[in-house]
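Structure first, then comments.
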Amino acid sequence: MVHARVLGVAQDAGVPHVGCACPRCERFRDAPLLPACLGIAGARCYLIDATPALPQQARMLPSFPAAILLTHAHMGHVAGLWQLGEEAYGARGITVHAPEGVCAFLRGNEPWRRLARSNLVLAPLAPGAGVELEEGLHAESFAVNHRGGETFGYFVEGPSRRILYLPDIDRWDLDLHALLARCDLALLDGTFWRRGEIGRQVDVPHPPIEDTLDLLSPEEAAKVRFLHLNHTNPVLDPDGPAALVAVQGDTIPL
Ligand SMILES: [Zn+2]
Ligand SMILES: [Zn+2]
Ligand SMILES: [Zn+2]
5 MVHARVLGVA QDAGVPHVGC ACPRCERFRD APLLPACLGI AGARCYLIDA
55 TPALPQQARM LPSFPAAILL THAHMGHVAG LWQLGEEAYG ARGITVHAPE
105 GVCAFLRGNE PWRRLARSNL VLAPLAPGAG VELEEGLHAE SFAVNHRGGE
155 TFGYFVEGPS RRILYLPDID RWDLDLHALL ARCDLALLDG TFWRRGEIGR
205 QVDVPHPPIE DTLDLLSPEE AAKVRFLHLN HTNPVLDPDG PAALVAVQGD
255 TIPL
């Protein structure tokens, strides 16, 4: 069955967060939440984003990913590419679809430059462009505002459903209602629950879940599962706020 699988639900650094011993991080010590990542399984398998946990996440799919789509070039979204190099998987031409600026960054900077030359086939993608992953399985990019770097969200469409994957955005300065109208399920940036959740939040803008829910009708909210959760987010607690969060390991039929 063609499906997507939620391979990680945490912010780039995972939960527990490096160097943190807060009660929430301690609770996840033995069963970590991996950085946000979506697997897609059809005749072949695909990943959206290459997180530092790529080895574990690839094992959650029926076969090793044949291609990867990248949202942007931050640590939790590209660091796993390193696992495709000679020291590890030794990929021979895995296609990496990514925004043009991200491809240029990977081509121009070590340690990615060597990978880009020997192990990856970089396929620059324009905002709004589609990728036919295989017959009946299609991805489509759209541009989002995120720290001034080129960043995409993706629609993924299988034979029966279309889902939206958008782990990082600074604020809702695009038409969220129109995006939700185009999909059956949306995995959205839920990094923080509320404004001011961490002291330096102005440096790491994300729309807090509380504010996002205020924008949505009940029908829209029912389609949304939040992910890219920071270790400070109380939705991770058993008695935390009632918001629909994505569950690591969940399978979504496509
Ligand atoms: Zn991120
Ligand atoms: Zn913590
Ligand atoms: Zn980011």
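Take any residue in the sequence shown, count from 1 to its spot, add 4: that is its number in our numbering.
No residue lacks a Cβ here, since even glycine has one placed at the ideal position from N, Cα and C.
DSSP-derived helix/strand/coil call for residue i
i, result
"His232", "coil"
"Glu138", "strand"
"Val99", "Here residue 99 turns out to be Thr, not Val, going by the sequence shown. It is a strand residue."
"Gly244", "coil"
"Phe109", "helix"
"His76", "coil"
"Gly12", "strand"
"Ser145", "strand"
"Val82", "helix"
"Val125", "strand"
"Pro222", "helix"
"Pro212", "coil"
"Ala71", "strand"
"Val249", "strand"
"Pro131", "coil"
"Pro238", "helix"
CB of residue i within 9 Å of CB of residue j, strictly
i, j, result
"Leu141", "His101", "no"
"Gln257", "Val10", "The displayed chain sequence assigns Pro, not Gln, to residue 257. No, they are not a contact pair."
"Phe68", "Pro103", "no"
"Thr99", "Val125", "yes"
"Gly94", "Ala57", "no"
"Leu137", "Gly43", "no"
"Glu144", "Gly152", "no"
"Leu217", "Ala247", "yes"
"Arg166", "Asp188", "yes"
"Leu240", "Leu37", "yes"
"Gly112", "Ala77", "no"
"Gln15", "Leu233", "yes"
"Gly89", "Leu119", "yes"
"Lys227", "Leu184", "yes"
"Ala40", "Gly80", "yes"
"Ile213", "Arg198", "yes"
"Ile202", "Thr255", "no"
Distance cut-off 8 Å: residue i Cβ against heavy atoms of ligand 1
i, result
"Pro59", "no"
"Asp172", "yes"
"Pro209", "no"
"Gly12", "no"
"Asp177", "no"
"Pro39", "yes"
"Asp16", "yes"
"Gly80", "yes"
"His181", "no"
"His7", "no"
beta-carbon residue i near ligand 3 non-hydrogen atom, thresh 8 Å
i, result
"Arg286", "The first residue shown for the chain is 5 and the last is 258, placing residue 286 beyond what the model contains."
"Arg204", "no"
"Arg151", "yes"
"Thr99", "no"
"Thr155", "yes"
Near ligand 2: residue i beta-carbon under 8 Å from a heavy atom
i, result
"Val19", "yes"
"Ala25", "yes"
"Thr236", "yes"
"Arg28", "yes"
Every unbroken beta strand (DSSP E) inside the stretch 20-66 [3 residues or more]: Runs of the beta strand (DSSP E) spanning 3 or more residues and lying entirely within the stretch 20-66 occur at 41-45, 49-52, in chain order.
Beta strand (DSSP E) runs wholly inside the stretch 154-201, at least 3 long, in chain order: Complete beta strand (DSSP E) runs here, min 3: 166-170, 189-193.
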